[in-house]
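Before any comments, here is the structure.
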Amino acid sequence: MQLNKAYVEGHQLTIMGDFNIDVSKNTSDSQCWLESMGDLHLHQIVTESTRVTENTSTLLDHVFTSVPHKIRSVKVPRIGISDHYPTCVVFKDSFGRKHSHTTIKDAKTTYYKTCVEDHKGDSKKLWQYLRDIIPTNLKTAPSSLRNNSNNSSISDPEDMCEHFNNFFSTIVNQYVAVQQFSSNFDKLSEMVNSRINSDDAFSIPQLTEEEVCSYLRNLDTHKATGLDGLIKSQDFEDVNLFNSSISD
Numbered sequence: 340m341q342l343n344k345a346y347v348e349g350h351q352l353t354i355m356g357d358f359n360i361d362v363s364k365n366t367s368d369s370q371c372w373l374e375s376m377g378d379l380h381l382h383q384i385v386t387e388s389t390r391v392t393e394n395t396s397t398l399l400d401h402v403f404t405s406v407p408h409k410i411r412s413v414k415v416p417r418i419g420i421s422d423h424y425p426t427c428v429v430f431k432d433s434f435g436r437k438h439s440h441t442t443i444k445d446a447k448t449t450y451y452k453t454c455v456e457d458h459k460g461d462s463k464k465l466w467q468y469l470r471d472i473i474p475t476n477l478k479t480a481p482s483s484l485r486n487n488s489n490n491s492s493i494s495d496p497e498d499m500c501e502h503f504n505n506f507f508s509t510i511v512n513q514y515v516a517v518q519q520f521s522s523n524f525d526k527l528s529e530m531v532n533s534r535i536n537s538d539d540a541f542s543i544p545q546l547t548e549e550e551v552c553s554y555l556r557n558l559d560t561h562k563a564t565g566l567d568g569l570i571k572s573q574d575f576e577d578v579n580l581f582n583s584s585i586s587d
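Here you go:
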């Protein structure tokens with residue numbers, strides 16, 4: 340049934356295996372078998388005996404194909420650990436190698452699509468699959484960036500980093516500006532209150548000037564600008580000038 344469907348749809352067919360029918364002999368079984376394969380335009384390309392004993396020589400292992408012109412060679416090596424010799428078929432590159440490459444590529448695509456669908460809520464797993472898919476040799480930094488605001492080119496490494504920082508620190512505001520969000524936090528409040536005991540208390544201790552000063556001096560200046568807009572080390576050359584207003 341599957342063979343008939345594949346034949347009608349015009350697929351290239353190759354069938355091989357131990358069919359236990361000796362096609363080297365002109366018998367009713369072999370003729371019926373060959374005629375059945377011939378109805379599907381399949382050609383038997385093995386001509387050597389595949390099972391040889393002291394008294395018999397039979398061709399029981401067959402390879403039928405609809406594309407005999409794409410067969411490079413057929414060999415039956417006189418070796419093996421069983422009573423059947425192995426049957427080897429080599430396809431030309433236009434069919435064998437390219438077809439295998441396409442099959443492997445399609446299988447990978449299906450596999451990773453399934454993985455992504457099954458782990459949509461698991462960011463750790465998603466990043467793991469993304470690292471598998473993305474080539475690991477793409478580590479070359481860009482030599483320049485285009486500033487869309489004035490259509491200019493940015494090539495200085497420090498200016499490029501600043502441009503990236505500005506982009507990622509403001510992208511949330513650009514997204515929020517076009518979204519309509521509800522300010523109803525009843526469900527959030529209900530969830531939070533359900534997990535807090537009535538005896539629990541929460542308070543924020545007052546910060547000292549020394550704590551503010553220490554925190555500012557130890558900020559990672561390589562990270563993107565935060566909502567406070569403070570990232571550069573020169574912003575904190577003399578934190579004592581303004582740490583009082585921040586701590587109050």
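Here the sequence shown is numbered in the working numbering, starting from 340 and rising by one per residue. Positions of the beta carbon are idealized from the N, C-alpha and C atoms, including for glycine.
With 16 other Cβ atoms within 10 Å as the buried cut-off, status of residue i
| i | result |
| --- | --- |
| Val531 | exposed |
| Asp400 | buried |
| Asp525 | exposed |
| Val429 | exposed |
| Leu469 | exposed |
| Asn511 | Here residue 511 is Val; the residue named in the question, Asn, does not match the sequence. So Val511 counts as exposed. |
| Leu398 | buried |
| Leu381 | buried |
| Asp495 | exposed |
| Thr389 | buried |
| Asp361 | buried |
Rounded C-alpha distance that separates residue i from residue j
| i | j | result |
| --- | --- | --- |
| Val347 | Leu373 | 19 Å |
| Pro426 | Asp457 | Looking at the sequence shown, residue 426 is not Pro but Thr. C-alpha separation (whole angstroms): 41 Å. |
| Tyr451 | His440 | 17 Å |
| Val413 | Gln383 | 11 Å |
| Ser572 | Ala446 | Residue confidence for Ser572 is low, a pLDDT of 47 falling below 50, so the modelled location carries little weight; the figure read from the coordinates is stated next. Roughly 51 Å between the two C-alpha positions. |
| Lys463 | Thr449 | 20 Å |
| Ala540 | Glu529 | 17 Å |
| Ile420 | Thr404 | 27 Å |
| Asn490 | Phe503 | 16 Å |
| Asn487 | Val406 | 56 Å |
| Cys371 | Asn365 | 10 Å |
| His423 | Leu465 | 48 Å |
| Asn557 | Cys500 | 20 Å |
| Gly356 | Asp461 | 44 Å |
| Ser367 | Thr442 | 38 Å |
| Leu555 | Thr453 | 46 Å |
| Glu393 | Ala345 | 41 Å |
| Asp378 | Leu342 | 11 Å |
| Ile473 | Ser533 | 43 Å |
| Lys459 | Asn523 | 27 Å |
| Asp559 | Ile535 | 35 Å |
| Val455 | Lys444 | 17 Å |
Cut-off 7 Å between Cβ atoms - residues of its own chain near residue i, not counting five sequence neighbours on either side
| i | result |
| --- | --- |
| Ser586 | Since pLDDT at Ser586 reaches only 47, below the 50 mark, its modelled position is unreliable, and the value read off the structure follows with that caveat. Correct list, in chain order: Leu546, Thr547, Glu548 and Val551. |
| Ile410 | Ile384, Thr404, Val428 and Phe430 |
| Ser553 | none |
| Glu497 | none |
| Arg485 | Ser492 |
| Ser369 | Ile360, Asp361 and Val362 |
Same chain, Cβ closer than 6 Å to residue i, neighbours up to 5 away in sequence not counted
| i | result |
| --- | --- |
| Glu387 | Val415 |
| Asn359 | Leu399 |
| Ser363 | Leu398 |
| Ser396 | Ser388 |
| Thr353 | Thr404 |
| Asn582 | Since pLDDT at Asn582 reaches only 47, below the 50 mark, its modelled position is unreliable, and the value read off the structure follows with that caveat. Contacts found: Glu548, Val551 and Cys552. |
Restricting to runs no shorter than 4 residues, where is the alpha helix (DSSP H) found entirely within the region 438-519? Listed in chain order, the complete alpha helix (DSSP H) runs (minimum 4 residues) inside the region 438-519 are 462-472 and 496-516.
Ranges of the alpha helix (DSSP H) found wholly within the region 525-553, counting only runs of at least 4: Runs found: 525-533.
Of all the alpha helix (DSSP H) runs that stay within the bounds of the region 353-401, which reach a length of 4 or more residues? Every unbroken stretch of the alpha helix (DSSP H) spanning 4 or more residues and falling wholly within the region 353-401 is given here in chain order: 367-378.
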